[in-house]
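Below is one structure, written out as structure tokens; comments come after it.
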Amino acid sequence: MSSNEKDKVAKLDKYWINNYRMGGYLLFACGLINLRYQWGEPNIISRSALIFGPGAAVLGATYVPALVTVLARREIKALMAIAGIALIAFAFSN
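Structural data, given as structure tokens:
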């Protein structure tokens, strides 16, 4: 690997935490929007909390150094991506 390629990889690795923050904010915002637009529906608070709760947890975890080391693991990144996509699909189908 050349030094130019190593610099690119290092630069990409530097900003990975922002992906978690944007994903957490996306879930949090979708959950609150879902809550607002379906306010009269039964059980809407629990269904919306299922969306914005994990979003708030992920967003908060990105500011705790001990949890950031856990979030940096490759398998956790894959699980979080799958869970995030599933929650967004649930938010739009709900």
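Start counting the sequence shown at 14; every next residue gets the next number (this note's numbering).
In this text, a Cβ means the ideal position worked out from N, Cα and C, and glycines have one as well.
All values reported here derive from a predicted model rather than from experimental measurement.
Practice prompt. Check the C-beta distance from T82 over to I30 and give it rounded, since I have them as a contact under 8 Å.
Written response: So it is not a contact: roughly 11 Å between Cβ atoms.
Worksheet item: With 16 other CB atoms within 10 Å as the buried threshold, where does F65 fall?
Response: Classification for F65: buried.
Practice prompt. Could you tell me how far apart the beta carbons of I57 and L45 are, in whole angstroms, since I believe they sit closer than 8 Å?
Written response: That pair is no contact at about 12 Å.
Worksheet entry | Proximal residues to F136 (C-beta, below 7 Å), its chain only, five neighbours per side dropped | Summary: the structure shown does not reach residue 136, with the chain confined to residues 14 through 107, and so no result is reported for it.
Discussion item. Please return the same chain residues whose Cβ sits closer than 7 Å to the Cβ of G97, not counting the five positions on each side in sequence.
Written reply: So the list reads G36, L40, once near-sequence residues are dropped.
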